[in-house]
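Enquirer: In the numbering used here, the protein residues as written are 453 to 885. The beta-carbon is built from N, C-alpha and C at its ideal position, and this holds for glycine as well.
#1: Just to confirm the assignment, what range does the beta strand (DSSP E) spanning residue 468 have?
#2: On the DSSP bridge list, what partners appear for residue 608?
#3: Residue 527 and residue 885 look like a contact to me (Cβ under 8 angstroms); what is the Cβ gap, rounded to whole Å?
#4: In angstroms, rounded to a whole number, what distance separates the CA positions of residue 539 and residue 529?
#5: What separation, rounded to the nearest whole angstrom, lies between the Cα atoms of residue 489 and residue 729?
#6: Going by beta carbon distance, what residues of the same chain come within less than 8 angstroms of residue 610, once the five residues before and after it are set aside?
#7: Rounded to whole angstroms, what is the Cα-Cα separation between residue 774 and residue 612?
#8: Which same chain residues, not among the five before or five after residue 568, have their C-beta less than 8 angstroms away from its C-beta?
#9: Can you grab the Cα-Cα spacing for the pair residue 753 / residue 636, in whole Å?
#10: Can you say whether residue 662 is buried or exposed, counting buried as having 16 or more other CB atoms within 10 angstroms of its CB?
#11: Can you name, in chain order, every residue of its own chain whose Cβ lies under 6 angstroms from the Cβ of residue 780, other than the five neighbours on each side?
#12: In the DSSP assignment, find the alpha helix (DSSP H) that holds residue 662 and state where it starts and stops.
#13: Could you check whether residue 873 and residue 842 sit closer than 8 angstroms to each other, using their CB atoms as the reference points?
#14: So the beta strand (DSSP E) residue 690 belongs to, where does it begin and stop?
#15: Locate the beta strand (DSSP E) running through residue 849, then write down its first and last residues.
#16: So, at 6 angstroms on beta carbons, what are the nonlocal neighbours of residue 744 in its own chain, with the 5 sequence-adjacent residues on each side left out?
#17: For residue 699, report the span of its beta strand (DSSP E) as first-last.
#18: In angstroms, rounded to a whole number, what distance separates the CA positions of residue 554 and residue 585?
#19: Could you tell me whether the region 705-712 touches the region 681-689, where touching means 3 or more Cβ pairs closer than 8 angstroms?
#20: Under the three-state reduction of DSSP, which class applies to residue 527: helix, strand or coil?
#21: Whose C-beta lies closer than 6 angstroms to the C-beta of residue 665 among residues of the same chain, with five residues either side of it excluded?
#22: How many Å lie between residue 505 and residue 486 at the Cα?
#23: On the criterion of 16 or more Cβ atoms from any shown chain inside 10 Å, does residue 394 qualify as buried, or is it exposed?
#24: Could you pull the DSSP bridge partners for residue 600 from this structure?
#25: Check for me: the beta strand (DSSP E) holding residue 631 runs from which residue to which?
#26: Does the separation of the CB atoms of residue 676 and residue 713 fall below 8 angstroms?
#27: Do three or more CB pairs link the region 813-824 to the region 851-864 at distances below 8 angstroms?
#28: If I follow the unbroken beta strand (DSSP E) through residue 563, where does it start and stop?
#29: Please report how far the alpha carbon of residue 608 lies from the alpha carbon of residue 796, in whole angstroms.
So this is what it looks like as structure tokens:
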């Protein structure tokens, strides 16, 4: 029997959109107003309906669901520029993706992903999509490449962080404790992320509503937990600016009447000296035995401040940002390059067939690229997800060739591509969205 066909369009009812998401992710029903929950999906809320199904009316909103839903956030991704420059590109942040259990294995996700890529392609000035994957086996099928990894680590209270050439700068900073729900906190957090995005490849930032969203904790999420805290690093003086922040929460733990609480850092963002100040402060909180830090980039300086990875406990490696080139030539021309190259890439792309075929990538001495269609023989044959993985400069096409992901048709072609794409440090992990 043929699979039913689905039509994907703007979700006609926000409450049904939200209810579908709750069903897919089996959330406890939220006390938040639906309008507040979805406000940060500024670039659209979309739903899949079976062909011929009627649009859901308001009378059905409390129980009705769609076959599938997805949302898009307006985001900006920091990518390599020329030399030490960082460029910031408009990016469609794919999120809230879910297929109702009654409609699985019927092509709903495929229909929604194709719709998303077509929608992004039609957006002026937007050539990329990015996401955080709930299940990493899913999105490679649709052309997303794993462009960035993240670490989680644990440290004992009082761990010494050594960075002698940052101490003078660190001495000019002070810390200030706040609560995420305090007035003005979303705007302060946004300013710190924006400052970081101007310096670090891999940072993803959102619009105003996004920071309001991540600062909001409904009662059902806080049950039995401390409110999210923010620790800022600020320059001394009346006009001192916020230069870094750490978002964290503490949990009481006692053993034989002795305190051994756990402090979990969900994000630490800012320039290195300020991050050093924040982490030193977090490692000295009363009643805490262990500090867990999530969301660190693979090249995070914390590893050097503790004299290597053996200074860290419970280290775990996860996938962070997945990148998808939606308009391949424009995306490749939007970033900067580290070295000249002239290569013909034979790109495989089933989900966005407008990207498929042979493209000549020419990068001049100035580090700018020109990308054009060509009938010349290819130097490399590669799936579009390999370009997404390498786009931020942290994943080597040469390694992908050795791994059998890329087919090298001319000797050393993958190495030449890597030398052109690479950045000085691997991209930092991005905030979950």
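Expert: Let's see:
#1: For the purposes of this step, residue 468 is taken as residue 16 along the chain shown, with counting starting at 1. Taken as a continuous stretch (DSSP letters only), residue 468 belongs to no beta strand (DSSP E), being part of the alpha helix (DSSP H) at 466-477.
#2: Here residue 608 corresponds to residue number 156 of the chain shown, with the count starting at 1. Residue 608 pairs with 742.
#3: Position 75 of the chain shown, counting from 1, holds the residue named residue 527. Position 433 of the chain shown, counting from 1, holds the residue named residue 885. At roughly 7 angstroms, the Cβ-Cβ gap stays under 8 angstroms, so residue 527 and residue 885 are in contact.
#4: Working through the chain shown from its first residue, we reach residue 539 at position 87. Working through the chain shown from its first residue, we reach residue 529 at position 77. Approximately 8 angstroms between the Cα atoms of the pair.
#5: The count along the chain shown starts at 1 and reaches residue 489 at position 37. The count along the chain shown starts at 1 and reaches residue 729 at position 277. Rounded to the nearest angstrom, the two C-alpha atoms are 34 angstroms apart.
#6: Position 158 of the chain shown, counted from the start, is the residue given in the question as residue 610. For residue 610, where only same-chain residues beyond five positions count, the Cβ hits under 8 angstroms are 735 and 736.
#7: Here residue 774 is taken as the residue at index 322 of the chain shown, counted from 1. Here residue 612 is taken as the residue at index 160 of the chain shown, counted from 1. Distance between the alpha carbons of residue 774 and residue 612: 34 angstroms.
#8: Here residue 568 corresponds to residue number 116 of the chain shown, with the count starting at 1. Once the five neighbours on either side are set aside, the close Cβ partners of residue 568 are 498, 522, 524, 544, 546 and 581.
#9: Within the chain shown, the letter at position 301 stands for residue 753. Within the chain shown, the letter at position 184 stands for residue 636. Taking the straight line joining both Cα atoms gives about 30 angstroms.
#10: Taking the first residue of the chain shown as position 1, residue 662 is located at position 210. Answer is buried; the Cβ neighbour count reaches 16.
#11: What you label residue 780 is simply residue 328 of the chain shown in a count that begins at 1. Excluding sequence neighbours, residue 780 sits near 807.
#12: As a position in the chain shown, residue 662 is number 210, starting the count at 1. Here the alpha helix (DSSP H) through residue 662 covers 660-666.
#13: Numbered from its first residue, the chain shown carries residue 842 at position 390. Numbered from its first residue, the chain shown carries residue 873 at position 421. Result yes, Cβ atoms of residue 842 and residue 873 sit closer than 8 angstroms.
#14: Here residue 690 refers to the residue found at position 238 when the chain shown is read from its first residue. From DSSP, residue 690 is part of no beta strand (DSSP E); its letter is neither H nor E.
#15: Translated into the one-based positions of the chain shown, residue 849 becomes position 397. First-last for residue 849: 849-854, but that is the alpha helix (DSSP H), not the beta strand (DSSP E).
#16: Counting from one through the chain shown, the residue named residue 744 turns up at place 292. Counting only Cβ-Cβ distances below 6 angstroms, and skipping sequence neighbours, we find 606 and 716.
#17: As a first step, residue 699 is located in the chain shown; it is residue number 247 there, counting from the start. Unbroken beta strand (DSSP E) run through residue 699: 694-703.
#18: If you number the chain shown from 1, residue 554 lands on position 102. If you number the chain shown from 1, residue 585 lands on position 133. Residue 554 and residue 585: Cα-Cα distance of roughly 22 angstroms.
#19: no
#20: For the purposes of this step, residue 527 is taken as the residue at position 75 of the chain shown. In this structure, residue 527 counts as strand in the three-state DSSP scheme.
#21: As a working mapping, residue 665 is identified with position 213 in the chain shown. These residues qualify, in order along the chain: 492.
#22: Within the chain shown, residue 505 is the residue found at index 53, counting from 1. Within the chain shown, residue 486 is the residue found at index 34, counting from 1. Whole-angstrom Cα-Cα distance: 24 angstroms.
#23: Outside the displayed span of the chain (453 to 885) sits residue 394, for which this structure offers no information.
#24: Start at 1 with the first residue of the chain shown, and residue 600 comes out as number 148. Its beta-bridge partners do not exist; DSSP assigns none.
#25: On the chain shown, residue 631 is found 179 positions in, with the first residue counted as 1. 625-631 is the extent of the beta strand (DSSP E) around residue 631.
#26: Start at 1 with the first residue of the chain shown, and residue 676 comes out as number 224. Start at 1 with the first residue of the chain shown, and residue 713 comes out as number 261. No; because the gap between Cβ atoms is not below 8 angstroms, this pair is not in contact.
#27: no
#28: Within the chain shown, residue 563 is the residue found at index 111, counting from 1. Element bounds for residue 563: not the beta strand (DSSP E) but the alpha helix (DSSP H), 560-573.
#29: Against the chain shown, residue 608 aligns to sequence position 156. Against the chain shown, residue 796 aligns to sequence position 344. If you take the alpha carbons of residue 608 and residue 796, they lie about 51 angstroms apart.
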